[in-house]
Structures are given as structure tokens and as C-alpha cells.
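Residue numbers (this note's numbering): 1207 to 1490.
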DNA sequence: ATGACATGATAAA
DNA sequence: TTATCCTGTCATA
């Protein structure tokens, strides 16, 4: 689940249900117990996201930095009347607002790659290493300045959080498909209008993701065909993407067989017809 | 029961 | 490049 849209959605949910009130902080699993004890009873002032990072501002210049990594979750639940249930599984951090903005609520963090107590100065240091974030409507210029001179593949640059923040493997695959760009094209071979169109598209798609909580990249006109192709391929769950995890299945647009490979330890997917391979650089 | 895998990132080699 | 961490889910046995 966790690409940038997930974290922004989370910031929004925390803001709606927990921010502004005193929170009980605990670590049922124990790995955040010392910090939780320090924070217990503090007031949660704000929840903010930048790319895939989430920051919880508590009073007294204390910031909880959360990064969900590959499989972390942070579930925010309202508990009108019922009281808070016993923790299930490995709950690293639990926040409970008895008197949240919309009534009692709690949030359980599991599996995060980062859950740490920082100062606001330390948070600033993390932000300084992140590129612009499409979800925040940032100016894409700093990202473009990196890409236009880079000898790295655009598929790698899109995932580099210091180039731009928030894009993960699904949005990467899908945005490249939607713009007919092969993942191995070098950054410096891209034309500016193409990158700016990708950025604008990311801005819209990821904003949708914040609203719906899921990554939807397939245009209405292709939904039915995708469904039919999925059924024909005998897949158990229907796909919601053009190329992501569709290796070996036909492209919805042109029928070519979607390809998959590993780039920088991550799976990449593309259509060999809609996303023509770059001319191989002369090697010698 | 066991193992592979995942929408991530880092440190070491 | 590889190993490693974090946890849950799904497929296979």
C-alpha cells in the first residue's frame, strides 16, 4: 500500500481524528516503549506528510517520524462508545485520543521501517534530502534539473526520493506506460514537455489516490477491456493497472505482451510496443 | 507448517 | 550488486 498517496491520506486521517487533543502513546510490541513513555499524554499538534515520510508533531518540539517501508501499516479507527480493543499482532505504536475532534479514536502502527522520536531540526534534515512532492503541488523544476542531466534510467530516477518524493513502484510503472516512456530511457534523453506532462499526471493521479486510498491509473475507456483480458488470462484478482504485475498478459491498448524485469532490485513492467526501447548506446 | 513475496530504503562490499 | 530489516498474506505442501 505505501506510496506517497498512502502517507498523505494518513496525515489527513490523523488530522481529522487525533490532532488537537492529548493522546495516550504506547508500544504494545515494546520496540518503541521508551519513546512512547516520554510522549504519553502529550498533545498532538499536527500530522504532515512529504513523499513517503510522515511526521507527527507533538508539543515540546518532539516529532515522531514514521516511514512505512514496504509493508508497514498505520490504521486509524474511530471507537464511538466502544473503547479501544486489545492490540492485534505487532503494534509498534498505538495512539489513543479519548476525546478526538470527531470523538474517540485510535491509531495502530505495524511493520514500519522507521518509527523514531526526533526534534524539529532532525525532521528538517530529512526533508532537505527529499525532492519535490507532486501531491503537495510543488514546483517540478528541481526534479527536472536533476533528470535532464542524468545518465540514469528514468525508471530509476522516478523512484529516487531525492529527485522527486512519493512515487513508488506502482506509480512508476503506470506513469511511464501512460506517457509511452520506456523505463530504461536515460534521464537526459527525455524532453522537458514529456516530463512535465508526467508530473502533471502524477499530481492528478496521486491526488485521486489520497482521496480513494487506492492507486487507479486505468482510464475509463480501458476498464472493460482490462477486465476481459484478466478473465481470459485466468487471473484470480482483477488488475487495476496497465502494466504493473501484468507480465505476460496482453497490453490493453495494443495487445503486445507486457514485459517485466528487475531494475535496481525492483520489478519493472512495460509494454514493448507502447513504450519503445531506447536506442542502445554504442558500447565499446 | 513452510516459504515466497510485497506498493521501501539502507549499509556494506 | 547483495544482504538486511520490518510484518502480513497468499500459495504450496
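Note that the Cβ used here is the ideal one computed from N, Cα and C, for glycine as well.
Query	Result
Could you round the C-beta distance between residue 1424 and residue 1448 to whole angstroms and report it? I think they count as a contact, below 8 Å.	6 Å
For residue 1312, count the other beta carbons within 10 Å of its own beta carbon; 16 or more makes it buried, fewer makes it exposed. Which is it?	buried
May I have the straight-line CA-CA distance separating residue 1431 from residue 1460, to the nearest angstrom?	11 Å
Cα separation between residue 1298 and residue 1233?	5 Å
Confirm, please, whether the CB-CB distance from residue 1412 to residue 1275 is below 8 Å.	no
Please list, in chain order, all residues of the same chain as residue 1329 whose beta carbon is under 6 Å from its beta carbon, the five residues on each side excluded.	1261, 1269
Taking the alpha-carbon positions, what's the residue 1247 to residue 1364 distance?	40 Å
Specify, as a first and last residue, the run of the alpha helix (DSSP H) that residue 1327 falls within.	1326-1334
Work out the CA separation of residue 1289 and residue 1348 for me, nearest whole Å.	47 Å
Given this structure, state the Cα-to-Cα distance separating residue 1293 from residue 1316, to the nearest angstrom.	10 Å
State whether the segment 1221-1235 contacts the segment 1376-1389, with contact taken as three or more CB pairs (one from each stretch) at a distance under 8 Å.	no
Need the endpoints of the alpha helix (DSSP H) that residue 1466 sits in, please.	Looking at the DSSP string, residue 1466 is not in any alpha helix (DSSP H); the run it does join, the beta strand (DSSP E), is 1465-1469.
Taking the CB atoms as reference points, tell me whether residue 1382 and residue 1256 lie closer together than 8 Å.	no
Taking 8 Å as the limit between beta carbons, can you name the residues of its chain near residue 1400, skipping five residues before and five after?	1385, 1387
Let me check understanding here. Comparing Cα to Cα, which of 1446, 1371, 1331 lies closest to residue 1408?	1371
Roughly how many angstroms lie between the CA atoms of residue 1265 and residue 1223, to the nearest whole one?	17 Å
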